[in-house]
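Take the sequence shown: its position 394, counted from the start at 1, is 393 in numbering that gives the first Met the number 0, and no numbers get skipped.
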Amino acid sequence: MIQQQYYTRARGGIFLKSDGYDTVSISPSLDKNFVKKTIHSFCTYDPPAALARRREKDTTLYPEIITFFQPETGEIVIGKSVYVPADFTGQRSTYFVHNYVVPRSEKEIFIEKPEKLFRAKGFQTNYSADYPLELAELFDIPCEEGDAISERESLFSALGLNDQLFKELLFAVFSAATGKKKVFISLGCDVREYARYGMKLLELIAHYLPYPVRRRLGATTYSSAAESRKYIHVSFIERDILNSNSPELDKQYLFDLAAGSVTGVNISGQTHEFLELASAYEKSGRSMDEFFAFCEKALSGLVPNEELEMANYYSLAAIYADYKNQNTFYYKRNRRGMLSALLHFLSAETERKRELLMMFPALLAFEKRAEDHEDAPQILRLALDFSGHIHHHAVEQFIVDTLQYHLGKPSISGLWSVLEQDSVYLSGLLNHFDEENLEEHLASYLSGRFGPLTRLEDILNQLRNTLELAPPLAESPVMAGWVLNKLGDVLEGARTPFDTVIETIRFVQEMKQSIGGISRFTEQVEEFMLQNLLQAIDSRKVTIKEIEQFTLLFGQKPPSYKKELNSELMSKVSILEVLSAVIRRDISDFDKLSWKEQEQAREALRNILSKKMGKADFPLVALAFDADGVPIFADMLRFISKQANNELTMDFIHWAVFQYRDNEALLLVLKNYLSREGNPIWENKEYRSRLKKIRQLKFRDLIKEIEYEKANAVGKIFKRLGSKLR
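If you want it as structure tokens, here you go:
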């Protein structure tokens, strides 16, 4: 029900018991606290200054003032203030106010049909002490017939309006109702007509304001001063006040309709989709109810303040115009902007926004693909976001066609980066490429991801990321080609190829545990790495560590794996297997090697022993210097004396004497070695003493023989010296 309130100067009222201004009549259900704290501040009447100065008594010269406002509590309060020449005393002038209060629960009809608010009538214009204290509640507010849309031409003519001025008024009122600025309007008519024309103008404007903006709008049809009042967004003032340079008017929206001048609004030279749409409807004499219903649905579910953002209505006007006209006029002006706006409105209560859900894929179908290299990543991002709401063939095709267009161009990298931000979609897309044999698309993606990588760690991490996205790619030859080529490059340049292979195999085995369905791929990687390792290594230069790593890698493999190797790799495996046994002191299979393989194995042993050698390695030295079962003692001794210190050389002589007991070839080599002038073993007394203590008969005879020969050599020297002295 609609409540009423009367306000004037009287002998006591509802709130005051003494003489003064107060509510004098009120509907019983109207909240008195609301009346006192909110409505009373709007129960005023400021007469025109000229009339007030001369204390004009003729009531017909004073304007009626209509004020309406909507506080935070949601009611609509609309009232009329009139000048009264004499109060209850008959001595003083006063004023009388009659307010209707529409409760929040009943105000929507006034929002949807502005004429019910702006053509309200039935206001009392004078007060009688006979009026009851309680006023009746009303089912409705009476209103005049007609509406501002049908009276548009006469209103434009009376107020000197034109289409541009109307758009500027609409912009200003919208901005004021949702912002901090105020609108001040001077009408080109007598102030006594301000209420009539002001309300008609506001009614016309309201028809083209979105419902949420209408739910905030407040105005007064006359103010004797330029003042900013809470809940009041539009004030009609006289021309001399509008042009008074009052500080209150700074940075406000000012309209002098008589002069056709506007201050504070500049919409020229710009595209204003909402204003253009409103103007088109206004000129054709139609309301925008259908559009505003469209807006309400589009904005539903979003943050409440969104419904007051003018930018949203600009976007929705462009969307609506293209949708209704079945064209792409506004879309072509700002492709990315419209797609972005559609997605924004679809971010909440998506399913009920059928028109928007239909329009987005329709626009992409029209577009076919995003060709501009600067816009393409952003538009692709929008297409992906839409796919997050609903899958649509046109959107999927747009994405694939956009990628197809940019394949081979520098811009493709940015598109893949966008796709990687949506792992779920990218996963499906990569699987789609694989299923449809779109090898060029897949190769493009893998090229961008793997191409720049050179470090093993980076390649392996990218491999895992890619297979986590799309495990079926493990079966793709394109994927295998990229991965194996990159791993091959790393292995080729590796300083420690065994470490590279071990790290790779360990990584893919762990990856196999966390990603299902990739066993065949990981086996392929392992076989590739092992075969390339065999190709990369030189069996003659392997280290003990590498032999041990070889055993780790190949020791558990079934013998059948060798069938897949060519003869060269088979030979390397045989050599490394024998070397693996030899360093464990098992030389039983050495003779199974071919002569060439034995030579390579011996060279490997010599290389290993040259790095590190001890007494326990003497049997390996013997194996390393052997020709068809015949020890090459001279080479052994030369190698030992060169690679080891004197102590180890002494130990080797001792070992060899007993290992090759009575071997004449060895004894001859030892004699030649020890007899050599300046031999470090023989010249050292301690070593020479140890040689003499070796209990091996022929070796003892050898030592004596060396001593004898060296003694005779000394005697001969002295004999030659003596003859020279004589």
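Quick reminder that beta carbons are idealized off the backbone N, C-alpha and C, glycines included.
For clarity, every value in this text was computed on a predicted model and none was experimentally measured.
Sequence-distant residues of its chain with Cβ nearer than 8 Å to residue i (five each side left out)
i, result
"R103", "T72, G73 and E74"
"S28", "M0, Q2 and E136"
"I266", "K166, E167, F170 and L274"
"L345", "K352, L355, L356, F359, F385 and H388"
"L468", "S422, L425, S426 and L429"
"V83", "T7, T58, S92, T93, Y94, F95, N125 and Y126"
Residue i burial status per 10 Å Cβ neighbour count (16 or more: buried)
i, result
"L724", "The pLDDT assigned to L724 is 48, lower than 50, so where the model puts this residue is not dependable; a value taken from the coordinates is nonetheless given after this. L724 should be labelled exposed."
"R601", "buried"
"H392", "exposed"
"Q325", "exposed"
"K199", "buried"
"T88", "exposed"
"A603", "buried"
"R694", "exposed"
"P618", "exposed"
"F95", "buried"
"S234", "buried"
"N644", "exposed"
"Q548", "buried"
"R494", "exposed"
"A147", "buried"
Spatial neighbours of residue i in its chain, beta-carbon cut-off 6 Å, leaving aside the 5 residues before and after
i, result
"M358", "Y322"
"D650", "K614"
"Y686", "M649 and I680"
"R380", "V417"
"F432", "H440 and L441"
"E438", "V477"
Residue i in three-state terms, based on DSSP
i, result
"Y142", "Residue identity check: residue 142 is Cys in the sequence provided, not Tyr. Reduced to three states, the DSSP call for C142 is strand."
"K31", "helix"
"V83", "strand"
"L724", "The pLDDT assigned to L724 is 48, lower than 50, so where the model puts this residue is not dependable; a value taken from the coordinates is nonetheless given after this. Correct three-state label for L724: helix."
"Q597", "helix"
"G492", "coil"
"Q4", "strand"
"R97", "Going by the sequence as given, residue 97 is His instead of Arg. H97 falls in the strand class under three-state DSSP."
"A157", "helix"
"D57", "coil"
"A626", "strand"
"Y404", "helix"
"D21", "strand"
"T124", "coil"
"A643", "coil"
"A469", "coil"
"I389", "coil"
"G413", "helix"
CB of residue i within 8 Å of CB of residue j, strictly
i, j, result
"I504", "E525", "yes"
"Y6", "Y20", "yes"
"V182", "V172", "yes"
"K282", "R351", "no"
"R425", "A375", "This sequence places Leu at residue 425; Arg is not what is there. No."
"I389", "L338", "no"
"P471", "I514", "no"
"I586", "S538", "no"
"V572", "L564", "yes"
"I77", "Y99", "yes"
"E502", "L455", "yes"
"L363", "F397", "yes"
"K79", "H97", "yes"
"D86", "R8", "yes"
"L341", "I318", "yes"
"C142", "K106", "no"
Proximity test, residue i beta-carbon vs the ligand NAP heavy atom, cut-off 7 Å
i, result
"L356", "With respect to the ligand NAP, the structure offers nothing, as it holds no ligand at all."
Contacting residues, own chain, Cβ-Cβ under 7 Å from residue i (five flanking each side not counted)
i, result
"G450", "none"
"D523", "Correcting the residue identity first, residue 523 is Gln in this sequence and not Asp. Here the set comprises A479."
"R214", "Q69 and I110"
"Y193", "P62, L186, T220, Y221 and F235"
Closer than 8 Å to chain B by CB, residue i
i, result
"V500", "Included in the structure is just one protein chain, with no chain B present."
Practice item. Could you name each continuous alpha helix (DSSP H) segment of 4 residues or more that falls completely within the region 647-709, going from the start of the chain to the end? Key: Taken in chain order, the whole alpha helix (DSSP H) runs of length 4 or more contained in the region 647-709 are 663-674 and 684-691.
Practice item. Entirely within the region 502-568 and at least 4 residues each: give me those alpha helix (DSSP H) ranges in chain order. Key: The qualifying runs are 518-535 and 543-553.
Check your understanding: Fully enclosed by the region 221-268, which alpha helix (DSSP H) runs are 4 residues long or longer?
Key -> Whole alpha helix (DSSP H) segments, 4+ residues: 238-241.
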